[in-house]
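Note that the sequence shown covers residues 1 to 563 in the UniProt record's numbering.
This report concerns only the one structure given below.
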Amino acid sequence: MMKYFLPTVLGAATIALIQPQATLAQTAIQTDARAIAEHFTVKVNPDGAWGSGAIVGKKNNVYYVLTARHVVDDIRAGEELWLITHDNQDYQVDVDAIELLPNNIDLALIQFTSDRDYPVATISQYNYRLYEPRDYDNNSNSNALENKQYVYVSGWPLREEKRVFNPGFLFDNSASAVSAPDVANPDDNFGGYELIYTNLTHPGMSGGAVVDTAGRLIGIHGRGDGRVIGEEDEIIRQYLDEVGGNSVKIKIGLSLGIPIQSFLSWAADRPINDYLSVENTAPPNLNSNNLKSWQPPLSVTDKSNPYHWIEKGNQLWRIGRVAEARGSFERAIELEEDLYLAWFAKGFTLGFDRQFDRALTACDRAIKLNVLPTKIKYESFRCKAGALQQLQRPAEALTALNKALEINSNNSADWMLQGELYFALKEYEAALKSLDRAVELRENQNITPSSLLHNNRALIALELSQYELALEEVDKAIAIDSSFAPAWRNKGLILETIDRNQESLTAYHKALELDPKDYNTWTNIGFTLYKLQRYQDAKQSFEKALEINPNYQPAIDNLNAIN
Numbered sequence: 001m002m003k004y005f006l007p008t009v010l011g012a013a014t015i016a017l018i019q020p021q022a023t024l025a026q027t028a029i030q031t032d033a034r035a036i037a038e039h040f041t042v043k044v045n046p047d048g049a050w051g052s053g054a055i056v057g058k059k060n061n062v063y064y065v066l067t068a069r070h071v072v073d074d075i076r077a078g079e080e081l082w083l084i085t086h087d088n089q090d091y092q093v094d095v096d097a098i099e100l101l102p103n104n105i106d107l108a109l110i111q112f113t114s115d116r117d118y119p120v121a122t123i124s125q126y127n128y129r130l131y132e133p134r135d136y137d138n139n140s141n142s143n144a145l146e147n148k149q150y151v152y153v154s155g156w157p158l159r160e161e162k163r164v165f166n167p168g169f170l171f172d173n174s175a176s177a178v179s180a181p182d183v184a185n186p187d188d189n190f191g192g193y194e195l196i197y198t199n200l201t202h203p204g205m206s207g208g209a210v211v212d213t214a215g216r217l218i219g220i221h222g223r224g225d226g227r228v229i230g231e232e233d234e235i236i237r238q239y240l241d242e243v244g245g246n247s248v249k250i251k252i253g254l255s256l257g258i259p260i261q262s263f264l265s266w267a268a269d270r271p272i273n274d275y276l277s278v279e280n281t282a283p284p285n286l287n288s289n290n291l292k293s294w295q296p297p298l299s300v301t302d303k304s305n306p307y308h309w310i311e312k313g314n315q316l317w318r319i320g321r322v323a324e325a326r327g328s329f330e331r332a333i334e335l336e337e338d339l340y341l342a343w344f345a346k347g348f349t350l351g352f353d354r355q356f357d358r359a360l361t362a363c364d365r366a367i368k369l370n371v372l373p374t375k376i377k378y379e380s381f382r383c384k385a386g387a388l389q390q391l392q393r394p395a396e397a398l399t400a401l402n403k404a405l406e407i408n409s410n411n412s413a414d415w416m417l418q419g420e421l422y423f424a425l426k427e428y429e430a431a432l433k434s435l436d437r438a439v440e441l442r443e444n445q446n447i448t449p450s451s452l453l454h455n456n457r458a459l460i461a462l463e464l465s466q467y468e469l470a471l472e473e474v475d476k477a478i479a480i481d482s483s484f485a486p487a488w489r490n491k492g493l494i495l496e497t498i499d500r501n502q503e504s505l506t507a508y509h510k511a512l513e514l515d516p517k518d519y520n521t522w523t524n525i526g527f528t529l530y531k532l533q534r535y536q537d538a539k540q541s542f543e544k545a546l547e548i549n550p551n552y553q554p555a556i557d558n559l560n561a562i563n
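Shown next as structure tokens:
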């Protein structure tokens with residue numbers, strides 16, 4: 001039987017790029033989404049250091065705008081706060097009516113009044129498939145993300161005269177990006193960041209809309225991952241002296257937002273819930289990365305400075321130009337051979353391009369540089385662990401990950417990966433303890449419950465023959481996200497294991513409703529039907545699995561056994 005473990009940390013990245021295939025239809029999708037988002041995106045302007053926001057509701061002439069909490073958090077009663085709509089109209093916000101989401105989740109709801117008719121964002125609850133299943137019994141991974149889930153960020157960058165609408169795609173949604181962005185920034189303690197995407201962003205876009213290809217709101221943007229490089233860095237000190245600065249932020253990584261579900265959960269028992277427009281249908285498909293993309297200005301413009309090429313490379317890979325990005329990182333290495341950040345960035349990008357052997361070499365080189373700062377050393381060990389995991393070397397991956405955990409033990413995603421690696425090594429008690437720690441950290445950091453995490457806990461409990469716990473955990477996963485197909489599949493597996501075969505089939509068929517092309521589910525159905533002596537039905541299920549994946553060995557073996 002297929003035990004379908006779902007990873008939560010993807011190490012050096014696990015997404016293969018789609019080759020450019022621009023079409024008129026795809027261009028039309030981008031244009032339509034841009035026009036939709038334009039009309040509900042607003043500029044939120046506290047004291048001139050503005051942010052962005054999205055109109056999400058309307059009652060009579062009162063409009064409700066969702067933004068990032070850190071955009072308005074310092075505003076106090078009696079102070080003024082204004083916003084600007086797409087038609088350049090200024091509106092004063094009712095400061096006393098600002099609602100801040102609890103537990104320091106980085107969202108706030110503000111109000112303004114207007115007799116004009118402004119469009120309200122449609123909210124999407126559609127669940128994207130963002131996980132990459134791993135079959136440890138058969139020593140293989142499945143690249144589930146062959147088709148990118150494209151999204152856009154709509155907002156107003158500082159020092160820009162117009163709104164930006166920038167494409168990118170969703171990344172592993174377990175808050176486990178390779179560059180390990182803090183889920184709760186120590187400077188402001190705002191949390192709830194679990195929406196991760198490659199879109200290039202810039203200060204001023206905080207609070208802006210993250211929308212799907214239909215222009216529907218799926219999250220609120222809040223952060224861009226990066227590293228502040230100051231005077232302690234010998235390479236950049238001369239540049240800083242020339243420009244009269246003390247530090248510069250180099251972006252190496254991804255962008256982060258608050259998933260819209262966090263807002264919907266909070267709004268469920270409040271009046272605003274009645275004014276929302278929510279859908280859960282699939283958005284239009286878009287599988288091209290050949291899209292026009294705005295790029296923020298580089299922090300380092302001097303081409304003789306290797307940091308210029310590092311930041312440029314980061315921008316390039318995030319808009320799908322991976323080969324050019326690697327070339328930029330290599331140019332940085334040519335300028336300064338022992339530049340740890342360049343080696344790390346190169347390893348990150350190679351892993352993103354699924355060249356895991358080369359990613360491992362690059363991340364190892366970064367680790368071995370004596371001048372490696374603590375944060376980059378942590379990230380480089382994670383990069384190494386991810387590459388080794390993808391290369392099916394779990395024991396070595398665990399060693400590298402444990403080195404990262406010695407430096408920083410506060411990232412729940414690392415404990416989730418540790419649990420997965422222990423699972424691969426069949427050390428199930430240790431795996432369960434790792435995931436227990438992940439649950440504890442997520443609760444402490446105000447991160448919403450994870451169906452992925454509880455699904456994996458269920459599988460570990462199954463291996464330990466703790467069937468009651470296994471069912472309890474998989475039901476938690478389903479309660480968190482009833483459209484999470486792997487949880488239904490694994491519920492079927494648990495029920496079959498304890499000979500509740502008819503209930504097992506019911507769970508499997510629910511999984512197929514959600515993911516009809518999952519050959520693992522078809523194979524498991526076939527096995528259960530075989531147990532029930534429904535041999536012809538079982539044969540058809542194995543054949544269906546092989547129609548989807550002709551090389552899937554468990555289905556081949558089971559079909560041969562019937563024949």
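Beta carbons are placed, not taken as given, at the ideal position from N, Cα and C, and that holds for glycine.
All values reported here derive from a predicted model rather than from experimental measurement.
Whole-Å CB distance - residue i paired with residue j, under 8 angstroms assumed
i, j, result
"residue 257", "residue 322", "About 23 angstroms; that fails the 8 angstroms criterion."
"residue 380", "residue 344", "5 angstroms"
"residue 561", "residue 552", "Not confirmed; about 15 angstroms, so no contact."
"residue 569", "residue 507", "No answer is possible for residue 569: it lies beyond the span of the chain, which begins at 1 and ends at 563."
"residue 114", "residue 45", "Not really, about 16 angstroms apart at Cβ, beyond 8 angstroms."
"residue 220", "residue 66", "6 angstroms"
"residue 417", "residue 401", "6 angstroms"
"residue 301", "residue 329", "No, residue 301 and residue 329 are not in contact; Cβ-Cβ is about 18 angstroms, not under 8 angstroms."
"residue 526", "residue 541", "3 angstroms"
Residue i in three-state terms, based on DSSP
i, result
"residue 555", "helix"
"residue 90", "strand"
"residue 284", "coil"
"residue 399", "helix"
"residue 320", "coil"
"residue 67", "strand"
"residue 309", "helix"
"residue 50", "coil"
"residue 351", "helix"
"residue 255", "strand"
"residue 204", "coil"
"residue 426", "coil"
"residue 534", "coil"
"residue 261", "helix"
"residue 344", "helix"
"residue 144", "Annotation note: pLDDT 42 at residue 144 (below 50); position unreliable, coordinate value reported separately. Residue 144 falls in the coil class under three-state DSSP."
"residue 72", "helix"
"residue 474", "helix"
"residue 508", "helix"
"residue 55", "strand"
"residue 525", "helix"
"residue 501", "helix"
"residue 451", "helix"
"residue 301", "coil"
"residue 337", "coil"
"residue 394", "helix"
Residues that residue i bridges to, as DSSP identifies them
i, result
"residue 463", "According to DSSP, residue 463 bridges with nothing at all."
"residue 168", "151"
"residue 211", "152, 217"
"residue 105", "191"
"residue 45", "82"
"residue 224", "255"
"residue 113", "62"
"residue 279", "124"
"residue 100", "108"
"residue 196", "256"
At a cut of 8 angstroms, does the segment 301-311 reach the segment 331-343 through at least three beta carbon pairs? yes
Contact between the segment 94-108 and the segment 457-464: three or more CB pairs below 8 angstroms? no
Checklist entry - Quick one: any contact between the segment 63-79 and the segment 193-201, if contact means 3 or more CB pairs under 8 angstroms? => result no
Does the pairing of the segment 94-101 with the segment 477-488 give three or more beta-carbon distances under 8 angstroms?
no
Count the CB pairs spanning the segment 264-273 and the segment 204-221 that are closer than 8 angstroms, and state whether there are at least three. no
* Does the segment 34-41 touch the segment 154-166, meaning 3 or more C-beta pairs lie closer than 8 angstroms? -> yes
> So, do the segment 355-368 and the segment 313-320 have three or more beta carbon pairs nearer to each other than 8 angstroms?
Replying inline: no
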